[in-house]
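Chains as they are written, first to last, in our numbering: chain A, 1 to 158; chain B, 1001 to 1774.
We put the CB at the ideal spot given by N, CA and C, even for glycine.
Quantities reported herein were computed from a predicted structural model and do not represent experimental measurements.
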Amino acid sequence: MSRYHVNCTINGDEVDYLCDPTQSLLDVLRDELEMTGTKEGCATGDCGACSVMVDGVLVCSCLALGAEMNGKTIETIEGMAKGEELHPLQRIFIEKIALQCGICTPGLLIASKALLERNPDPSEEEIRFWLAGNLCRCTGYNNIVDAVQAAAKEMRGA
Amino acid sequence: MGRAPTPWGTMIKYEPKVLNIVGGKPADRPDAVDKVTGRARYAADINLPGQLVGKVLRSPHAHANLISIDTSESLKLPGVKAVITRDDFDDLENEYAASGELTINFKDVTRNMIAREKVLYDGHPVAAVAATSEAIAKKALKLIKVEYEVLPHVINVVDAMKPDAPVLHDHMFTKGIDPAPTKPSNIALRMTSKLGDVEEGFKKADVIIEREYNTAATHQGYIEPHASVANYTDGGTAEVWTGTQGHFVFRAQIAKLLGMDISKVKVTPCELGGGFGGKNNVYLEPLAVKLSQIARRPVKMVMTRDEVFRASGPTSGTNVKVKMGATKDGKITAAYAEMNYQAGAFAGSSLGLAAITVFTRYDLENVLVIGHDVVCNRPKVAAYRAPGAPMIAFGVEGVMDELAEALKIDPIEIRLRNAAKEGTQTHFGPKLGRIGYIETLERAKVSEHMKQPLGPNQGRGIATGFWFTLGMETSATININEDGSASLIYGTVDVTGGMRAAFSMIVAEELGIPVEKVRAVPSDTTSLGFNFMTAGSRGTTAGSMAAVTATRKAIARMCEIAARKWEVEPDQVVWENGHARPAGANVGDFEPMSVAQLAKEASWFGGTIAGHAEINVVNQGPGFGTHIVDVEVDRQTGAVKVLRYSIIQDAGKAVFPEFVKGQWHGGAVQGIGMALNEEYIYNDKGQLVNPGFLDYRVPVASDVPHINAEIVEVPNPNHPYGVRGVGEVPIIPPIAAIANAIHDATGVRMYEQPMSPPRVLAALDAAAPKMAAE
């Protein structure tokens, strides 16, 4: 099976990789690039643990093919903090205990960031519906919703 | 069922004192930054050089004789390095062991790991391969030729108990019946537990309610699929990295299944992506070790979500009958329950635990509990958060609600009139110690939630839950490092991240140093003595008792060092506020020494400062909780929306209060999922038709409201800080509370879980003519 050579930008770095035509973006990230921060919970697009941004659009990386990524700009959890400085969402997720086991956390952070980029002042209902594609089994979502609201407020400078 | 409690163990009495660190907010959680940056390492994130990919071939049949397995074509495929079947493992005889809250039999565990004579459920492992890529491994599975003789199957617990049901195990003769049956059946066990005389009790009742309930099997639904990496070294040692709730228990199981000495198996627990009881059992680990042993390379195995649903432990689906009688003033005179619990393909459901929890919120004189542990063609059940309890609470708390209605007594009031308290005799043996059940009910009665108005088609329900706290073997080591910082090595897997923070706080409190100076570090199986797993709400309670014991030994050592420096006797030195001080003025005028000073001086006065604990915790610190829920029922669709939800629970002492609440939010939402959506659905061939998150629908953020959690603190008398287990109680009341709320909203009682829209609509339609007539 011949492999595809793909050039793209991941978290600001120019990256190139070879992948099989059957490999998902998630497989490429985890298995080819050893970027294991993006998690696999189902591989069918139902749980959101593998959420990443591709050209500014929130996608389940398990549903995108690695071979399609030529020229694309990809953002993953590994690029969210700037060095030691956590993104406000990351910091407030910790402060509000919005994570327990943490397996869903990278996907939820990416999805929450995407929400706040579109809507800097979401209502509780808007947060709950936006995050409905990201399953969390530990927290019951309570503290996640609180954390996203608190981060939105801080990011608005309110 | 677990192991019977042993009297030979450690009990540290509650010591009321002013706490400076425990109960506050920790500066940080040791695990949190790695988890929000993607750097935390879960089992599937581990990669070893030269690693192969392992995959499992699973049965498509619910029940079949396994006639032959031909792996020859598969082995010829380039890139395939090992193929294993039943022939690669020695058979094991009956031998029982505790695993989590349930008991396992190795004869069954080896058959569940890989089928021997028969396949017993859709998804049962038949063979496994290791290959250089996932694509090759999948191709190799297709080249394995398996000849099955398909047999009639049985899925439902009531069907499985019928005399003409297909029998799964020819050697299964129901235990607990005298004389022993001569014909095999699917009923593995009949158990009975009683107190007083229920016949006499029912005679005294003015009202008797008797109802039958059915519940569906549900899955723990952890977001991390099972994953393991194994490396069998040429030196004959197996190294395993895995997601587990108990690495020491896994080590023992792997060794037993592979015929190895325990000393030759090393298990490193990775960050755990959710367990809830479902990661108490080995599935992939022994297969990965065997494949690695044959291929002489590391092997990584990760389940797909489909495999997780089809072949890892759901909880028991059940059929239960509950009958309770009460006098006019609401005093319960007798309580009876018959509980029929699915065990899955092998004996051992959560029946024994259900029997302990069934009525243990009430102070009763006459109780009879009968239970059946029933095998059927489903995956072997595993523990799921308060195993067995939510289903039976659905029945008992439902009947309590009906008694309250019949007697025109408030549902909280009827519970208060019968509430368990210190000294209450349980039907299964022990008397209850100091507990906080009444406190949770009293708090519920005056809560803000109870004052909220309800609209049309809206209703309010309440229900309560009880769960014990497991003790068992627990070890820890504390090292006071040369700079005065402290490293606690703990052995109970931190399943959610809060345990590490709680341990750090307790050690800091004991030592009298800032919490930032303490780091709690997880052990592998070589760094501590045996620890039982994180199950039965024991992780923080038992683990912190080991941490306290180890820390107090390190403190004794530091007092000894100060004594040597001061040239006094060790008993002339006391520990106060993080310092060794002379016990009194007559000892001498010595400057108190801090942990850092003692650590610095240690090498001149005796050497390394450490403390170890290998304790067997025998505490009993049961937890109780009361839940209040408001729902709105859509009469057109049968959909039930949860509007408000409140949890009031006794934590004993909340070491990390915000985290305790987080556990409760999560438990309640799992319970809401059970109540309204979640169920295993099989087709007529006995195949699971919803093995994915699209069709097995766990609650999403938009399904649930904000959850209100209130902590009640009635200290556990058998824990030095008063801590009780907190993790399991919150999943127990939701099914019952929601059913009671649906009744309050519509006048219709639900006797089947999940209360999904079609079921609620059918119940509303069935009740409509009757209600119109009234």
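Note that the stretch 1493-1513 of chain B touches the stretch 1574-1581 of chain B; at least 3 beta-carbon pairs, one per stretch, sit closer than 8 Å. Residue state for B/Gly1054 is assigned as strand, using DSSP reduced to three classes.
Excluding sequence positions up to five before and after A/Leu135, its CB lies within less than 8 Å of the CB of Gly41, Asp46, Cys47, Gly48, Ala49, Cys104, all in the same chain and listed in chain order. The beta carbon of A/Thr9 sits no closer than 8 Å to any beta carbon of chain B. DSSP places B/Pro1691 outside both helix and strand once states are collapsed to three, so it counts as coil.
The Cβ atoms of B/Ile1046 and B/Cys1270 lie closer than 8 Å to each other. The DSSP assignment places 1198-1203 as complete runs of the alpha helix (DSSP H) inside the stretch 1165-1239 of chain B, in order along the chain (cut-off: 4 residues). When CB distances to chain A are screened at a threshold of 7 Å, the residues of the stretch 1695-1718 of chain B falling below it are Val1698, Val1700, Ala1701, Ser1702, Val1704, His1706, Ile1707, in chain order.
Across the stretch 29-42 of chain A, CB contacts with chain B closer than 9 Å involve Arg30, Asp31, Glu34, Met35, Thr36, Gly37, Thr38, Lys39, Glu40, Gly41, Cys42, in sequence order along the chain.
At least one CB of chain B lies nearer than 8 Å to the CB of A/Gly102. B/Asn1616 carries a strand assignment under DSSP once its states are collapsed to helix, strand and coil. The three-state secondary structure of B/His1372, taken from DSSP, is strand. Within the DSSP bridge table, the entry for B/Phe1466 names B/Phe1624 as partners. For B/Trp1566, the enclosing alpha helix (DSSP H) stretches over residues 1539-1566. Taking 8 Å as the Cβ-Cβ cut-off, the stretch 1334-1358 of chain B has no residue approaching chain A. For A/Arg137, the neighbours in chain B by C-beta distance under 8 Å run, in chain order, Gln1220, Gly1221, Tyr1222, Ile1223, Gly1274, Phe1276, Gly1666, Gln1670, Val1698. DSSP lists A/Thr9 as the beta-bridge partner residues of A/Thr73. Within the stretch 1305-1319 of chain B, the residues whose Cβ lies closer than 8 Å to any Cβ of chain A are, in chain order, Arg1305. Using a CB distance cut-off of 8 Å, B/Val1033 counts as an interface residue toward chain A. At a cut-off of 8 Å between beta carbons, B/Gly1662 contacts chain A. Beta bridge pairing from DSSP links B/Ala1127 with B/Leu1057. Across the stretch 1563-1589 of chain B, no CB contact with chain A closer than 7 Å is found for any residue. Between B/Val1036 and chain A, the shortest Cβ-Cβ separation is below 8 Å. The bridge partners DSSP lists for B/Asn1065 are B/Lys1118, B/Glu1149.
By the beta-carbon neighbour count (other beta carbons within 10 angstroms, threshold 16), B/His1171 is exposed. In this model, B/Lys1076 and B/Phe1624 are separated by some 59 Å (Cα to Cα). Bridge pairing for B/Gln1425: B/Lys1431 [DSSP]. B/Ile1435 sits close to B/Asp1650, with the two beta carbons spaced by under 8 Å.
Only residues of its own chain outside the window of five on either side were considered, and among them Pro1699, Val1704 have a CB closer than 6 Å to the CB of B/Val1669, listed in chain order. With a beta-carbon spacing of about 7 Å, B/Ala1062 and B/Lys1685 fall inside the 8 Å limit used to define contacts.
In terms of beta-carbon proximity, A/Asp121 stays away from the interface with chain B, with every pair separated by 8 Å or more. Identification of chain A residues near B/Tyr1680 by a Cβ-Cβ cut-off of 8 Å yields none; the smallest Cβ-Cβ distance measures about 17 Å. Residue environment analysis places A/Asn119 among the exposed positions, since fewer than 16 neighbouring C-beta atoms fall within 10 angstroms of its C-beta.
The beta carbon of A/Pro21 sits closer than 6 Å to those of Ala67, all from its chain and outside the five residues before and after it, given in chain order.
Residues of chain B whose Cβ lies closer than 7 Å to the Cβ of A/Ala49 are, in chain order, Ile1223. Excluding five sequence positions before and after B/Ala1043, the CB atoms of its chain that fall closer than 7 Å to its own CB belong to Ala1227, Ser1228, Val1229, Trp1241, Thr1242, Gly1243, Cys1270, given in chain order.
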